[in-house]
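Novice: Dropping the structure in here first, questions after.
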Amino acid sequence: ALLRENSLFGVLSLLTGHRSDRFYHSIAFTRVEMLTAPATSVRQAIEDDTSVGLLLLQGLSSRILQTETMIETLTHRDMSSRLVSFLLVLCRDFGVPGQ
Numbered sequence: 053a054l055l056r057e058n059s060l061f062g063v064l065s066l067l068t069g070h071r072s073d074r075f076y077h078s079i080a081f082t083r084v085e086m087l088t089a090p091a092t093s094v095r096q097a098i099e100d101d102t103s104v105g106l107l108l109l110q111g112l113s114s115r116i117l118q119t120e121t122m123i124e125t126l127t128h129r130d131m132s133s134r135l136v137s138f139l140l141v142l143c144r145d146f147g148v149p150g151q
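Position one of the sequence shown corresponds to residue 53 (our numbering), numbered consecutively onward.
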């Protein structure tokens, strides 16, 4: 997945309560700071402050919308149409405004 600033990943097992067999890794195209947190700490933060849970829900909702857009992009019939659609998605999500 291509993620924006302040994005979360690896949170599905936290919400489902099932330990995930997936291992997450990241590759950054620019300099980044990454934070990891134990699932128990995240759960406690959600219980202590409901706005944390809301922010998590907003982030996951955004990822679902991105996934739906990508599915629509990949269902175009020919390769050139898929490529154009994918480039437009990249411009929209990661482009520099005004350039």
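For each residue, glycine too, the CB sits at the ideal point set by N, CA and C. Quick caveat, the model's predicted, so the values are computed rather than measured.
From the beta carbon of His128, is the nearest beta carbon of chain D less than 8 angstroms away?
Specialist: Protein chain content of the structure displayed is limited to a single chain, and chain D is not contained in it.
Novice: Only counting the same chain, and skipping five residues up and downstream in sequence, which positions put a Cβ closer than 8 angstroms to that of Leu66?
Specialist: Numbered from its first residue, the sequence shown carries residue 66 at position 14. Within the same chain, Leu66 has close Cβ partners Ala91, Val94, Arg95.
Novice: What are the complete alpha helix (DSSP H) segments, minimum 4 residues, inside the segment 86-112?
Specialist: 91-100
Novice: Does Ile18 come out as helix, strand or coil in the three-state DSSP assignment?
Specialist: Lying outside 53 to 151, the shown extent of the chain, residue 18 is not represented and no answer is given.
Novice: State the CB to CB distance for the pair Thr125 and Phe146, rounded to an integer number of angstroms; the pair is presumed to be in contact (CB under 8 angstroms).
Specialist: In the sequence shown, counting from the first residue as 1, residue 125 sits at position 73. In the sequence shown, counting from the first residue as 1, residue 146 sits at position 94. Not confirmed; about 15 angstroms, so no contact.
Novice: Please list the terminal residues of the continuous alpha helix (DSSP H) segment that includes Leu135.
Specialist: Mapped onto the sequence shown, residue 135 falls at position 83. Per DSSP, Leu135 belongs to the alpha helix (DSSP H) from 131-146.
Novice: For a quick check, are the C-beta atoms of Leu60 and Leu135 less than 8 angstroms apart?
Specialist: The residue given as residue 60 occupies position 8 in the sequence shown. The residue given as residue 135 occupies position 83 in the sequence shown. Cβ distance not < 8 angstroms, so Leu60 and Leu135 don't count as in contact.
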